[in-house]
Amino acid sequence: MLQDSACDDTVTGLIQRFWSNLVGFVTGSYITRDQCDAAFERMHERDRIGDRLHLFFACIAMLGLAGPVSAVDIAVLPLVVFFLVRVFNTFPIWIHGFGQPVVLVALMLAAWMGVSLLWSSDPRAGLEHISELRWLVFIGFAFPVIEHRKTLIACLCIGFLIANGVQVVDAFDGFGNAWLAERLDHYPNRISGWWQPAVGGSVLVAALGLHLPSAIMGHGKGRVLGLLGTLITIAAIIATGTRGAWIAGAVLIVIASLIAWRVQRLRARTLIIGSAIVCIGIVALVIIKGDAISERIHEARDEITLAMDGEYNTSTGARVSMATQAIKMGSQNAFGGVGAGGFRDWMVERTPAYYDDQAHAHCTPLQLFAELGILGVLLWGLLVVVILVNAWKSVSSDQRGTYLMGPFFGVLGLVLISAFDSVLINVNTAAILGALAMLSPAYFLGMDTARKSNPSEGEEAS
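Under the working numbering, the first residue of the sequence shown carries the number 624, and numbering increases by one thereafter.
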């Protein structure tokens, strides 16, 4: 009995130690706060002009991340170049940036994907998938200006508004400009601007998350801006005709309202006003776009019915087929999947060519399960937890009704849309996820000081 008791104590101790180490890793407790603060102060004293230029290039990058896929990398390139030019003046700040938990998890995921190339049928495609993880190290290049998170968030929102303006141009067929009309034309009744409709719907759910905190939990001018941004983004999501984005967006609004009510202890009047305006806006937009929405819903219903009868030669049917095959891939290769990049070859070999887009499962967890096995799914879960936890704790309770809380809900939006899209593979979604992770560091200059100066942490925010 004594031996059993000692054994139980040992197991309990090991579990507690593992949990403590895991929590410490997720929250970045290993980051030396005083050294990080000193590095920032030294940089500010040494290179004030460099500070301004670095912020300028970071703002350009944030504006461009909501751009067309061909422009996303170009927008970030000046920031990367200037970071390299300034690398000695920012040392050792960038060590703390590239040492953030999100970067370390990204490296773990990249390493496992690299190992899986050994049994992948298409290593070249696998390397392309690995390359998209580069966006998760974006935080290292922008970390020297992380103190300006408000400005960076504002630039990202402006970038999305510019993209919304292009959707308007798309809606009016380029205002008579044949060149524009040709390049913005995608599918009937699907207005997505310079994005592909499915991709546009996905990134716009993240954009919705940026606006929701101010719209539902904010006050004053911040609330007005949040409500305007929310209504514009909802209209943009509906216009894309992306059904997965409609579902994810609706769930995100419900979750935001529940957090405002239960976690933030928001006053009923504040919550009701914000939520009511959002709901009224949704109803008005549904009425305006009623025919297009009804058509997409009926189309989905008919395609699901056909898929149940074994007919997968439709958009929805193809996704059912890909999801089914992804489960088979992971189940038959539970440890390592079929290898990074091997999804398409499996589909081509084992299913008829029902649909052109068979490169991925259109579902992030299933995609990772199929290609990387259970470990890939666990690493995805750890990545999500790291970003969400730090996005939440980096904002004090009295600021959770502002745009500083936007990255948390933006990431939550991408997590929801990951049920319908492979967000780590598509350039636009991966870039936005990387930007939101960058805006959610485990630690930055003055973070602990700001939280200590807010004794009402956890109390009513508004």
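Ideal Cβ positions, reconstructed from N, Cα and C, are used throughout, including at glycine. This structure is a prediction, so every number in the text was calculated from the model and none was measured.
For a test of the three-state rule: what should DSSP assign to residue 977, helix, strand or coil? Counting from 1 along the sequence shown, the entry for residue 977 is found at position 354. Here residue 977 scores only 48 on pLDDT, less than 50, and its place in the model should not be relied on; the value that follows carries that caveat. Coil at residue 977, not helix or strand.
Quick one: which unbroken beta strand (DSSP E) runs of 3-plus residues sit fully inside the region 717-757? Chain order, please. none
Per the DSSP calculation, residue 640 is bridged to which residue(s)? Residue mapping note: residue 640 aligns to position 17 of the sequence shown, counting from 1. Residue 640 pairs with nothing; no bridge assigned.
What does the alpha-carbon distance come out to for the pair residue 633 and residue 643? Here residue 633 refers to the residue found at position 10 when the sequence shown is read from its first residue. Here residue 643 refers to the residue found at position 20 when the sequence shown is read from its first residue. Taking the straight line joining both Cα atoms gives about 15 Å.
Applying the 10 Å Cβ sphere with the 16-neighbour rule, what's the burial state of residue 1078? Locating residue 1078 in the sequence shown gives position 455, where the first residue counts as 1. Reliability fails at residue 1078, whose pLDDT of 47 lies under 50, so the model's placement of it is uncertain and no value is given.
Cβ atoms of residue 830 and residue 856: under 8 Å apart, would you say? Position 233 of the sequence shown, counted from the start, is the residue given in the question as residue 856. Position 207 of the sequence shown, counted from the start, is the residue given in the question as residue 830. Yes.
Near residue 865, which residues of its chain fall below 6 Å by C-beta distance, leaving aside the five closest residues on each side in sequence? Within the sequence shown, residue 865 is the residue found at index 242, counting from 1. 820, 821, 824.
Collapsed DSSP secondary structure at residue 1066 in the structure displayed: Mapped onto the sequence shown, residue 1066 falls at position 443. Coil, per DSSP.
Can you tell me which residues form a DSSP beta bridge with residue 813? On the sequence shown, position 190 is the one that residue 813 refers to. For residue 813, which the question treats as bridged, DSSP gives the partners 810.
Report all residues from its chain with a CB closer than 7 Å to the CB of residue 957; omit the five preceding and five following residues, and keep chain order. Counting from 1 along the sequence shown, the entry for residue 957 is found at position 334. Closer than 7 Å at the Cβ level, and outside the excluded window around residue 957, lie 996, 997.
Compute the Euclidean distance between the alpha carbons of residue 639 and residue 868, then round it to the nearest angstrom. Position 16 of the sequence shown, counted from the start, is the residue given in the question as residue 639. Position 245 of the sequence shown, counted from the start, is the residue given in the question as residue 868. Going by the C-alpha atoms only, they are around 39 Å apart.
Is the Cβ-Cβ distance between residue 774 and residue 686 less than 8 Å? Indexing the sequence shown from 1 puts residue 774 at position 151. Indexing the sequence shown from 1 puts residue 686 at position 63. In this structure, residue 686 does not lie closer than 8 Å to residue 774 by Cβ.
How about residue 779 and residue 688: are their beta carbons less than 8 Å apart? What you label residue 779 is simply residue 156 of the sequence shown in a count that begins at 1. What you label residue 688 is simply residue 65 of the sequence shown in a count that begins at 1. Cβ distance < 8 Å, so residue 779 and residue 688 count as in contact.
Look at residue 987 and residue 1041 and say whether their C-beta atoms are less than 8 Å apart. If you number the sequence shown from 1, residue 987 lands on position 364. If you number the sequence shown from 1, residue 1041 lands on position 418. Against a cut-off of 8 Å, the Cβ pair of residue 1041 and residue 987 comes out as a contact.
Using CA coordinates, which residue listed in 844, 694, 713 is at the minimum distance from residue 676? Mapped onto the sequence shown, residue 676 falls at position 53. Selected option, being the one with the closest Cα: 713.
Using a 10 Å radius around the Cβ and a threshold of 16 neighbouring Cβ atoms, would you call residue 671 buried or exposed? For this step, residue 671 is matched to residue 48 along the sequence shown. It is exposed - the Cβ of residue 671 has fewer than 16 other Cβ atoms within 10 Å.
Leaving out five residues before and five after residue 777 in sequence, what residues of the same chain have Cβ atoms less than 8 Å from its Cβ? For the purposes of this step, residue 777 is taken as residue 154 along the sequence shown, with counting starting at 1. So the list reads 1026, once near-sequence residues are dropped.
Straight-line CA distance for residue 766 to residue 791? Here residue 766 is taken as the residue at index 143 of the sequence shown, counted from 1. Here residue 791 is taken as the residue at index 168 of the sequence shown, counted from 1. Taking the straight line from one Cα to the other gives about 34 Å.
Can you give me the C-alpha to C-alpha distance between residue 810 and residue 816, rounded to a whole angstrom? Taking the sequence shown and counting its residues from 1, one reaches residue 810 at position 187. Taking the sequence shown and counting its residues from 1, one reaches residue 816 at position 193. Cα to Cα, the separation comes out at about 11 Å.
For a test of the three-state rule: what should DSSP assign to residue 670, helix, strand or coil? Looking up residue 670 in the sequence shown gives position 47. Residue 670 falls in the coil class under three-state DSSP.
Using only CA atoms, which one of 751, 740, 834, 668 lies nearest to residue 1049? Locating residue 1049 in the sequence shown gives position 426, where the first residue counts as 1. Ranking the options by Cα distance to residue 1049, first place goes to 751.
Straight-line Cα distance separating residue 690 from residue 783: As a working mapping, residue 783 is identified with position 160 in the sequence shown. As a working mapping, residue 690 is identified with position 67 in the sequence shown. Their backbone Cα atoms lie some 8 Å apart in a straight line.
Taking residue 992 as the reference, which of 962, 1014, 972 has the closest Cα? Here residue 992 refers to the residue found at position 369 of the sequence shown. Closest by alpha carbon: 962.
Express the C-alpha separation of residue 733 and residue 846 in angstroms, rounding to a whole number. Start at 1 with the first residue of the sequence shown, and residue 846 comes out as number 223. Start at 1 with the first residue of the sequence shown, and residue 733 comes out as number 110. In a straight line, the C-alpha of residue 846 is about 40 Å away from that of residue 733.
Assuming residue 1046 and residue 1035 form a contact by the criterion Cβ under 8 Å, report the distance between their Cβ atoms to the nearest whole angstrom. Within the sequence shown, numbered from 1, the residue matching residue 1046 stands at position 423. Within the sequence shown, numbered from 1, the residue matching residue 1035 stands at position 412. Not really, about 12 Å apart at Cβ, beyond 8 Å.
Among 669, 681, 715, 699, which one has its Cα closest to the Cα of residue 1051? Taking the sequence shown and counting its residues from 1, one reaches residue 1051 at position 428. Of 669, 681, 715, 699, the residue nearest in Cα terms is 699.
Could you check the C-alpha separation between residue 968 and residue 744 for me, to the nearest Å? The sequence position of residue 968 within the sequence shown is 345, counting from 1. The sequence position of residue 744 within the sequence shown is 121, counting from 1. Taking the straight line joining both Cα atoms gives about 7 Å.
Can you tell me whether DSSP reads residue 990 as helix, strand or coil? Here the question's residue 990 lines up with position 367 in the sequence shown. Helix.
Can you tell me whether residue 802 is buried or exposed, with buried defined as 16 or more other CB within 10 angstroms of its CB? As a working mapping, residue 802 is identified with position 179 in the sequence shown. Exposed: under 16 other Cβ atoms inside 10 Å.
Continuous alpha helix (DSSP H) stretch holding residue 840: start and end: Counting from one through the sequence shown, the residue named residue 840 turns up at place 217. It is not in any alpha helix (DSSP H) - residue 840 carries neither H nor E in the DSSP assignment.
First through last residue of the alpha helix (DSSP H) which encompasses residue 774: Numbered from 1 along the sequence shown, position 151 holds the residue referred to as residue 774. From DSSP, the alpha helix (DSSP H) with residue 774 extends over 772-794.
Considering only residues of the same chain and omitting the five flanking positions on each side of residue 758, which have a CB-CB separation below 7 Å? Counting from 1 along the sequence shown, the entry for residue 758 is found at position 135. Cβ within range, chain order: 1053, 1054, 1056, 1057.
Run through DSSP, which three-state label would residue 1030 get? Numbered from its first residue, the sequence shown carries residue 1030 at position 407. In this structure, residue 1030 counts as helix in the three-state DSSP scheme.
Beta-carbon spacing of residue 1030, residue 762 below 8 Å: To locate residue 1030, count along the sequence shown from 1; it is residue 407. To locate residue 762, count along the sequence shown from 1; it is residue 139. No; because the gap between Cβ atoms is not below 8 Å, this pair is not in contact.
Would residue 725 and residue 1010 qualify as a contact pair, given that the criterion is a beta-carbon distance under 8 Å? As a first step, residue 725 is located in the sequence shown; it is residue number 102 there, counting from the start. As a first step, residue 1010 is located in the sequence shown; it is residue number 387 there, counting from the start. Contact flag set, yes.
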